[in-house]
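These notes are about the structure you will find just below.
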Amino acid sequence: MNILKNITFITLGFITLASCKHNLKTNEKAHETIEKTAQSDDSPVLMGDYVSEGYTKRNEGYDWVAVSVEQKSDSTIHISVRSRADKKKPTCTFDTDAIRINDSLFKSTIDGKSILFAFKNNTINIATENNDDNTILNYYCSGGGSLANTYKKTNDPLDEKQIDPRVFYKTLTFQNIGFDISSTGRGSLQQLTIQPYGLKTDNKKIRMVVDGTVTNAEISDLDSDGFPEILIYTTSAGSGSYGNVIGYSVNNGKSLSQIYFPTISDNPKANKGYMGHDEFSIAEKKLIQRFKTYNEEDPNSNPTGNIRTIHYKLEKGEASKKFVADKIIESSAK
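FYI, the numbering for the sequence shown is 1 to 334, going by UniProt numbering.
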């Protein structure tokens, strides 16, 4: 019996070691491609969809992963990884913004680990900057999969019958409480779904229609009561791209209550020159809203005013918690 146990233990050890070596080898190969790309003078057209090798054989039942790249600013792109979802649960799901290093190389930082996105000859290659960090690329995939790979650009629309329909997906956790946040729909309206777990009383799914698109979500204990708040950032459709915040607070670990977020139009100190294009983030237990202001003659595409930053603190209201503008800072955009 002891001999059998030893054989089983050794076999499992070899399997685990082989899996680790495979993932490391995949990331090292991707890393070599990125190093070559970083030295390239190519300036490819980056935006579009890229697919894994199995995509061309999808009608034969092969699994596949797609990487969609969108421009966010002159120095930032958005990376969205989705996979086949018609026959089983999606293999890989991932969203991030990446900062430009050069014309062909972008970098994103997740949990202190750097992920590189290299473009060359109509391909995108994904790898960690440090080979020792390669396991983070497995976290966003199931079944031993990894984001580390080279994906080839496709000029055809992705197969909507097979691809994961979620245009945004993020899992947020705070101690033993978590949230799966996702949105579907590609028009001016999206369906937002919030699935809490770990609450003692009410873990019911929350669904609502969002005017525009979900751009990001964060979690933090903003009022230091020992329980988290989740903030979901949205941007309206159209040229204005007006931002909004959908927030929920955990009530003593049991249930959720929505947080009131004031509109800028109601704040005369903040709304002068405001025409959207907001950025939201959490810093030092405050909600931060930042945007460029417009002068009277500015076109929508080119604001020339200052950068306005609004700090919101979370306070108790009569019926629920609310955000209150605590500080407004003007700084030069130059």
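Glycine included, C-beta positions come from ideal geometry on N, C-alpha and C.
*Report the three-state DSSP secondary structure of residue 360 (helix, strand or coil).*
Here the chain comprises residues numbered 1 to 334, so residue 360 is not present and cannot be evaluated.
*Starting from I115, follow the beta strand (DSSP E) in both directions and report where the run begins and ends.*
K113 to K120
*asked:* Contact defined as beta carbons within less than 8 Å: I believe I110 pairs with T96. What is the distance between those atoms, to the nearest angstrom?
replied: 7 Å
*How many angstroms separate the CA atom of T215 from the CA atom of I259?*
18 Å
*Tell me which same chain residues have a C-beta within less than 7 Å of the C-beta of Q191, skipping the five on either side of it?*
S183, T184, G185, R207 and V209
*Does the Cβ of P268 have 16 or more other Cβ atoms within 10 Å, making it buried, or fewer, making it exposed?*
exposed
*asked:* Assess contact between the segment 134-154 and the segment 44-63, defined as three or more Cβ pairs (one per stretch) separated by less than 8 Å. Is contact present?
replied: yes
*Are there 16 or more other CB atoms within 10 angstroms of the CB of I79, so buried, or fewer, so exposed?*
buried
_Spatial neighbours of L46 in its chain, beta-carbon cut-off 6 Å, leaving aside the 5 residues before and after_ = V69 and F119
*Kindly indicate which three-state DSSP category N295 falls into: helix, strand or coil?*
coil
_I believe Y248 touches I264 by the beta-carbon criterion, under 8 Å. Please report the beta-carbon distance rounded to the nearest angstrom._
In fact, because the Cβ distance is near 21 Å, the residues do not count as touching under 8 Å.
*What number of angstroms, rounded off, separates the C-alpha of I328 from the C-alpha of R82?*
39 Å
*Same chain, Cβ closer than 6 Å to P303, five either side skipped, listed in chain order*: K292 and Y294
*Pick helix, strand or coil for N138, following the three-state DSSP scheme.*
helix
_Best match in K204, I163, F94 and I124 for proximity to F106 [C-alpha to C-alpha]_ = I124
*How would you label L256, buried or exposed, when you count the other beta carbons within 10 angstroms and need 16 or more for buried?*
buried
_Three-state secondary structure assigned by DSSP to N131_ = helix
*Own chain residues within Cβ distance below 8 Å of N6, not counting five before or after*: In this prediction, N6 has a pLDDT of 47, which is less than 50 and means its spatial position is unreliable; what the coordinates show is noted afterwards. So the list is empty, once near-sequence residues are dropped.
*Measuring CA to CA, which of N244, L314, S188 and C141 is closest to A85?*
C141
*Hey, quick one: how far does the beta strand (DSSP E) through Y62 stretch, first residue to last?*
Element bounds for Y62: n/a, residue is neither H nor E.
*In angstroms with no decimal places, state the Cα-to-Cα distance between T76 and F280.*
15 Å
_Residues near Y169 by beta carbon distance below 6 Å, same chain, minus five either side_ = T93 and S182
*Starting from R84 and walking both ways along the beta strand (DSSP E), at which residues does that stretch end?*
No beta strand (DSSP E) holds R84; DSSP gives it neither H nor E.
*Start and end of the beta strand (DSSP E) containing P196?*
L189 to Y197
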